[in-house]
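Numbering (the UniProt record's numbering), first residue to last: 1 to 243.
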């Protein structure tokens, strides 16, 4: 039986690696991103790229509809699209707050609602990308941490709500990940070198995780062999939260 997945934020970093790893395991994938770079993942009959803004009102329904129309079923939803913000709270505007929740939280809620009927039919699963910032206090990430804390709690609540209907819901909580996403955030810092040194000092293994490592955790949680795991927030953080 061939399984079908939808992955958001799929053009680069963690999301791209998730698509590649799922494809290697035989999944059919609808890969979604606002960047046209997602089209590089196209593979006839296997990977369908969709250039779409996850914040769009019609996007969740369009994406889930495309997956079921193309492949006849949906087994996995990976909610990965998000934006990072490192900023002291007094320097964070109402517009910053609204924009971050509009991307990091609302689309997850709406994609889940769009996908659950199909996932209930297949007894499928959802894996959300949260963050260690949603689990512990991290300086200058108040609003970002709020968005990821929301994802953590949504994951737990959905796991309980849908356990009886056979749908598993889990999340990964990465620490710093070596992606362009992180590079861009660091370059916006007044002292990028000091920012990098501080980041590495907080990770006992002395380095950032790779996108592939986080993606492997997502694929593990999604696997049928992980059928006993739901409501779990799996940290991929080089020991950050264990300090």
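Glycine included, C-beta positions come from ideal geometry on N, C-alpha and C.
Bear in mind that the values here come from a model prediction, so they are computed numbers and not experimental data.
- Distance between residue 236 and residue 175, taken at the CA atoms: about 6 Å.
- Beta-bridge pairing by DSSP links residue 49 to 31.
- Boundaries of the beta strand (DSSP E) around residue 174: 168-174.
- Sequence-distant partners of residue 37 (beyond 5 residues in either direction) whose C-beta falls short of 6 Å from its own C-beta, in its chain, are 11.
- Annotation: residue 222 to residue 127 spans about 7 Å, alpha carbon to alpha carbon.
- For residue 235, the pairing in a beta bridge is given by DSSP as 173.
- Annotation for residue 103: the continuous alpha helix (DSSP H) segment containing it runs 94-104.
- Contact between residue 62 and residue 124 is ruled out by a C-beta separation of about 19 Å, above the 8 Å threshold.
- Beyond the five residues adjoining it in sequence on each side, residue 35 comes within less than 8 Å, by CB distance, of 11, 12 and 51 in the same chain, given in chain order.
- Taking residue 234 as the centre and dropping the five residues before and after it, the same chain places the C-beta of 172 and 217 closer than 6 Å to its C-beta, in chain order.
- For the set 8, 170, 210 and 26, the Cα lying nearest the Cα of residue 178 is the one of 210.
- Pairing residue 202 with residue 70, the inter-Cα distance amounts to about 44 Å.
- Under DSSP, no beta-bridge partner is assigned to residue 90.
- In the DSSP assignment, residue 14 falls within the alpha helix (DSSP H) that extends over 13-24.
- Its chain contains 231 as the residues whose beta carbon lies nearer than 7 Å to that of residue 160, once the 5 sequence neighbours on both sides are disregarded; these appear in chain order.
- The Cβ-Cβ distance between residue 8 and residue 28 does not fall below 9 Å.
- Assigned with DSSP and collapsed to three states, residue 194 falls in helix.
- Leaving aside the five residues that flank residue 208 on each side, the residues in its chain whose CB is nearer than 8 Å to its CB run, in chain order, 175, 176, 177, 178, 182, 199, 200 and 238.
- Under DSSP, residue 209 forms a beta bridge with 177.
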